[in-house]
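Sequences listed follow chains A, B, C and D, in order.
By the numbering used here, the letter at position 304 of the first sequence is numbered 1757, and the numbering carries on one by one without gaps.
By the numbering used here, the letter at position 489 of the second sequence is numbered 1942, and the numbering carries on one by one without gaps.
By the numbering used here, the letter at position 58 of the third sequence is numbered 64, and the numbering carries on one by one without gaps.
By the numbering used here, the letter at position 39 of the fourth sequence is numbered 45, and the numbering carries on one by one without gaps.
Beta carbons are placed, not taken as given, at the ideal position from N, Cα and C, and that holds for glycine.
This report concerns only the one structure given below.
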Amino acid sequence: MFKKVLVANRGEIAVRVMRTLREMRIRTVAVFSDPDRAALHTLMADEAWPLGGTTSAESYLMGEKIIEIARKSGAEAIHPGYGFLSENAGFAELCQKNSIVFIGPPAEAIRQMGDKVTSREIMTAAGVPVVPGFDKPDMTEADALAFATEVGFPVMIKASAGGGGKGMRKVDSPEGLEKALRAARSEALSSFGDDHVYVEKFVQNPRHIEIQVLADNHGNVIYLGERDCSIQRRHQKVIEEAPSPFVTPEMRQKMGKTAVQATRAANYRNAGTVEFLVDKSRNFFFLEMNTRLQVEHPVTEWITGLDLVAEQVRIAEGLPISLKQEDVRLQGHAVECRIYAEDPENNFMPSPGTVQRLSTPAGPGIRDDSGIYQGGEISVYYDPLISKLTTYGPDRETAIRRMCRALSEYIVAGIKTNIAFHRKVLNHPEFADGSHDTTFVDRHLDELMNTPTGDEPLAIVAAAVCYYLDRKPATGTGQVQKCSPWKRFQRSSWM
Amino acid sequence: MFKKVLVANRGEIAVRVMRTLREMRIRTVAVFSDPDRAALHTLMADEAWPLGGTTSAESYLMGEKIIEIARKSGAEAIHPGYGFLSENAGFAELCQKNSIVFIGPPAEAIRQMGDKVTSREIMTAAGVPVVPGFDKPDMTEADALAFATEVGFPVMIKASAGGGGKGMRKVDSPEGLEKALRAARSEALSSFGDDHVYVEKFVQNPRHIEIQVLADNHGNVIYLGERDCSIQRRHQKVIEEAPSPFVTPEMRQKMGKTAVQATRAANYRNAGTVEFLVDKSRNFFFLEMNTRLQVEHPVTEWITGLDLVAEQVRIAEGLPISLKQEDVRLQGHAVECRIYAEDPENNFMPSPGTVQRLSTPAGPGIRDDSGIYQGGEISVYYDPLISKLTTYGPDRETAIRRMCRALSEYIVAGIKTNIAFHRKVLNHPEFADGSHDTTFVDRHLDELMNTPTGDEPLAIVAAAVCYYLDRKPATGTGQVQKCSPWKRFQRSSWM
Amino acid sequence: MLVSVDMNGKSVEVEVRENREGLLEVELDGKCYPVSAQVLPEGGVSLMINNESLTVYRTGDTLYIGGTQYHVHADDPLKKELLQSSSFKAGEGTVTAAMPGNVKKILADEGMEVEAGQGVVVLEAMKMENELEAPLAGTVRKIHVSEGQSVEAGTLLFEIE
Amino acid sequence: MLVSVDMNGKSVEVEVRENREGLLEVELDGKCYPVSAQVLPEGGVSLMINNESLTVYRTGDTLYIGGTQYHVHADDPLKKELLQSSSFKAGEGTVTAAMPGNVKKILADEGMEVEAGQGVVVLEAMKMENELEAPLAGTVRKIHVSEGQSVEAGTLLFEIE
């Protein structure tokens, strides 16, 4: 059993991983950049070691330095969270070279799944359905046109090394092909240092559905049902749920078995996710494999009762997965809303600043995985994800109603957030009946932005009353009482 | 379906009930006493109506006034929570007279189960095992002695109208009998206005195990497994869990069926709890039936996935229970710690005051049902229970470790709490192996009070550093940064 | 007290009065709301409008009600009117008094460079001081009044170019 | 800085120094802890002792560390010594100087009624001002010193009866 584990991450995911480590009675080591001296993960850890630096590149991406801290602190393993070094095959190798356990898959699996062309090839060979595509090292415009004509427009051009929508172009007709090829290649070269692109059939209005898998060193591979992540904005997931309202039991089993096949084909270990695009006829196509813990893993934890981080740690320790496929029981329904420090009314611009007031929802069926605290700072340097709010209920409707209730209790003052945006999505009839797809946010953006809540007159009354209370002379009337808590706090010897 | 429900309670249970009502899209009506103008339940409700008064008797026990508010506000039903009017048969009748639905059992069931002697009689007639006892309207000392000699000392003298340990005396030998009878009668008279007492065999070192039942108006009665509430201090539950580490599957079924028998015998409707004393040989005896929602209901909600308040509302609306006995699936393990505003080091004296800082635990498998907020007041007039913290895990050990982790994140500053006391109980080997009984706290009180945490030297270093930082002249050194958040807040136009 | 509230680009006037029982009466769009207000810790206010319970938190011009942010600016309508009418009446850089008052203070000298929004003249009207700002960045060409001077509505105060 | 810390009825002395890098060095029981301190919002302090991360919240004399409350009183040891030795040395109501110093201020007149704990004489010693309090409630019988006077250790300062 590990005695000490370093968490090579920050924010909500570092906090979430440390919580499980603490429950496993494993000592936690945090690393922190200069702006993160007072970040929640730094404060929560048993040990905290300075990385120095400000930007990600200067701090949380400094693999060598993190290894050095692991050695100095005596940590036997490193949990990379998601993002940063989590899908960096070189870092996984570096851990191995230094006899530190990387809590994640083998470097080779990361490398192969990280390359879109290689992963397509592996999956095709293993009989996993992929989106029809065409790839050749020196693909010409004529090659691409021939393929596109065969499968029909529109098609997608994608960078082989790609991710995050970079080096990607949708082509609707033969005329746009040449220009799109050129643009995608140049963007791929500048983003990934590699101009290799390929062409894929474009799946119309797909759903994004992914399968959570676990694989250990004893040959066991299991799947833990699916997550539906079709509420996206610019390829960024916003709301996820499990199970998917679109997936039938037969389809679940078929997708699950396919994901296990894919996992075995990739020689995969630890927790991973096989992502699929699903068309309206419920055909599913391999999209990519994420070789790490996903942001949205809590919805799977709710419906399975498992702790996926604990499973990751156990697998990394060489233990078998704690249950067999036939013992996996999916019960109830869970929904996740990603709470971002961003301004939906200003094109979703990140909104850093001081959290002047924080009130988090609580009560039955609520889980808040947050990385912030009242009075703390949200830095301009890192991801604006401040919390993953998840709710659970016996059925989808209960989970959604519970989420609406939870969001109504959530106050993050001092910065802008997408809390109200979430409520509008949840109350939209297309989301309520589960018929939405990945184009939902784009199609309804105006509506999601400009719907009044009905509370506007109350807000006006409230603003006027606040203005009045601020300025009214202090009289001793009964109904309007002013009791400043600041005075009370300032009297304490502390400040 | 109800459109509006009045919650005739305050504190954490009022908040918890309102959360479910909101999820059911039912409008919530709070009532509040003068000191509760800014209490959480007042702030959270859709409507809040002043009761006036300060003490419970002047406010939350004013049945007529609450009915009047229900009528004025148009509430169709009243949820009484626990305590206050929840087990007041007269109030349930008053509701009925005013055509307001009382979300709880019929008045007659409350009345019968509220009287210890009557409930014993009903249970005995229904074949439910009760602790061997003796009761006669004009019981003499000789009667009591004859009974005690037959079943063996020690015996308990209990008030028929009793509760909360009042009018109760343990008698170890014939010599003490007369004095104990006299004392119990006089205490019963002054506490309940009724000096009727009876004698019971004393069960040595029992466990307190109770069965949650639901009964609807369609003849359905189901049980939802047990809760083990053996960690008590002066008959006050402190830690509860479900399932009980002491109960075998056979015993669970037997106790469950007995509880259903008891429920039917009492002509019961809605949610209720049948409490049993269990001796070392796993014999169980009916103790009493609680005709309301219990404080510890969340542990049952965790392991069943049900929302008991939602079930209560549905049953009160005349709908059947949402599931059948054969569909009840108990999964995993849940633990509850009652967080009290009290000082364990000063004989558990209540500790009212201002919550100067509040930091609640979060993350996987944690639920906090609280009635307080940062900056709010804990009133001297009401129950010192400020929160029910519950944790869940696939097994007992995980749930307990998770609770230890959660308690380590819980900060309630400005008042004293029993948070550290809970951690000591959870870490005690007798609790860890599940062999404890209701005498646990009394037997280990010294140990639970005086164990150092090991962090004392750190506390001393911290105190010295805080003192230094308070007094040191402000210099611009790198490592010691002082950034007062108060200054920041005060700059805002609000203050 | 008359309060001007801006929300989503629209401006409304709200009257807030306190009656003898200390209860507030808020008039908006011809409707009168009785409001019991209780200041809460950390920027909160609990309002009861009739018996509706409304809990509001505020930082600056942002109100938080039930998980939603509202950007609401409340101000003295007189001050607003003075400012708006001043800057819109004459040429872009010409500021006049919107109502009778008294010049309390002159904050800039002729020939001085000012930013848009920088205070130039403080006018006292209806017992309230209102700072009249430069409507645009530029040079103070002329100040037509002096401290202590009484002015009528429409009096030319200063010009920026 | 020397700090006297009381905990569970026991008192220890702790030395806190700041080195050139701005890092604190805390000496307790002969052991020296290097401490990096960061003040947090709302009464918090983050300490790193070597690399151990310790997050502490404080209200008054109560420290909160990992869900546990510690009652810890920190004070100036000199002030404590002065107070204690003063009030314990002679008769109950007689207060003497525990170390050499200078009488900075007299806060009470002879014949005045004072509460227990009420300040009577301010003594400056080692550049620190220390208020010497009445050890019991009563009347100030005699003040033996005057403002500005230098005193030796053991000098009788005042008597309460």
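If we define contact as Cβ-Cβ less than 8 Å, is residue i a contact residue for chain B?
i                         : result
leucine 34 (chain D)      : yes
isoleucine 1479 (chain A) : no
asparagine 57 (chain C)   : yes
alanine 80 (chain D)      : yes
glutamine 75 (chain D)    : yes
valine 11 (chain D)       : yes
Smallest Cα separation from residue i: which of the options?
i                            : options                                       : result
glycine 1536 (chain A)       : A:His1688, A:Glu1500 and A:Arg1463            : A:Arg1463
leucine 84 (chain C)         : C:Val78, C:Asn136 and C:Tyr63                 : C:Asn136
glycine 1818 (chain A)       : A:Phe1801, A:Ser1812, A:Asn1799 and A:Gly1785 : A:Gly1785
phenylalanine 1455 (chain A) : A:Val1608, A:Gly1527 and A:Leu1493            : A:Gly1527
glutamine 1549 (chain A)     : A:Ser1683, A:Ala1530 and A:Gln1565            : A:Ala1530
methionine 118 (chain D)     : D:Thr145, D:Val109, D:Thr100 and D:Thr65      : D:Thr145
glutamate 48 (chain C)       : A:Ile1466, A:Gly1828 and A:Glu1789            : A:Gly1828
aspartate 1923 (chain A)     : C:Thr61, C:Val157, C:Asp81 and C:Met54        : C:Asp81
leucine 1776 (chain B)       : B:Ala1560, B:Ala1668 and B:Pro1627            : B:Ala1668
Would you kindly report the start and end of the unbroken alpha helix (DSSP H) that includes residue i?
i                            : result
phenylalanine 1963 (chain B) : With chain B running from 1454 to 1948 in the structure shown, residue 1963 (chain B) is simply not present.
isoleucine 1913 (chain B)    : 1909-1924
proline 1882 (chain A)       : 1882-1885
For residue i, count neighbouring C-beta atoms within 10 Å of its own C-beta (all shown protein chains included) and say buried if the count is 16 or more, exposed if not.
i                        : result
glutamate 1500 (chain B) : buried
glutamate 1663 (chain A) : buried
threonine 102 (chain C)  : buried
glutamate 1517 (chain B) : exposed
serine 1552 (chain B)    : exposed
valine 1833 (chain A)    : exposed
proline 1659 (chain B)   : buried
alanine 1429 (chain B)   : This structure cannot speak to residue 1429 (chain B), because chain B is shown only from 1454 to 1948.
aspartate 1780 (chain A) : exposed
Please tell me whether residue i has its Cβ less than 8 Å away from any Cβ of chain A.
i                        : result
glutamine 44 (chain D)   : yes
glutamine 1765 (chain B) : no
arginine 64 (chain C)    : yes
glutamate 165 (chain C)  : no
glycine 1816 (chain B)   : yes
With residue i as the anchor, note down where its beta strand (DSSP E) starts and where it stops.
i                        : result
aspartate 1821 (chain A) : 1819-1823
valine 41 (chain D)      : 37-46
threonine 1843 (chain A) : 1838-1846
aspartate 12 (chain C)   : 8-13
histidine 1685 (chain B) : The residue asked about is misnamed: residue 1685 (chain B) is glutamine in this sequence, not histidine. Per DSSP, glutamine 1685 (chain B) belongs to the beta strand (DSSP E) from 1674-1686.
Compare the C-beta of residue i against all C-beta atoms of chain C and say whether one is closer than 8 Å.
i                            : result
glycine 1506 (chain B)       : no
glutamine 1827 (chain B)     : yes
threonine 1711 (chain B)     : no
alanine 1876 (chain A)       : Per the sequence shown, the amino acid found at residue 1876 (chain A) is arginine instead of alanine. True, the Cβ-Cβ gap to chain C drops below 8 Å.
phenylalanine 1455 (chain B) : no
isoleucine 1692 (chain A)    : no
glycine 1534 (chain A)       : no
Within 8 Å (strictly less), CB to CB, does residue i reach chain D?
i                        : result
aspartate 1681 (chain B) : no
arginine 1524 (chain A)  : no
Near-chain A residues of the segment 1794-1813 of chain B - C-beta to any C-beta below 8 Å: Thr1807, Gln1809, Ser1812 and Thr1813
Near-chain C residues of the segment 1603-1614 of chain A (beta-carbon distance less than 9 Å), N- to C-terminal order: none
Residues within the segment 1457-1484 of chain A neighbouring chain B, beta-carbon criterion of under 8 Å: Val1468, Arg1469, Arg1472, Thr1473, Arg1475, Glu1476, Met1477 and Arg1478
Residues from the segment 1736-1761 of chain A in contact with chain B, defined by Cβ distance under 8 Å: Pro1751, Glu1754, Gly1758, Leu1759 and Asp1760
Residues within the segment 137-156 of chain D neighbouring chain B, beta-carbon criterion of under 9 Å: none
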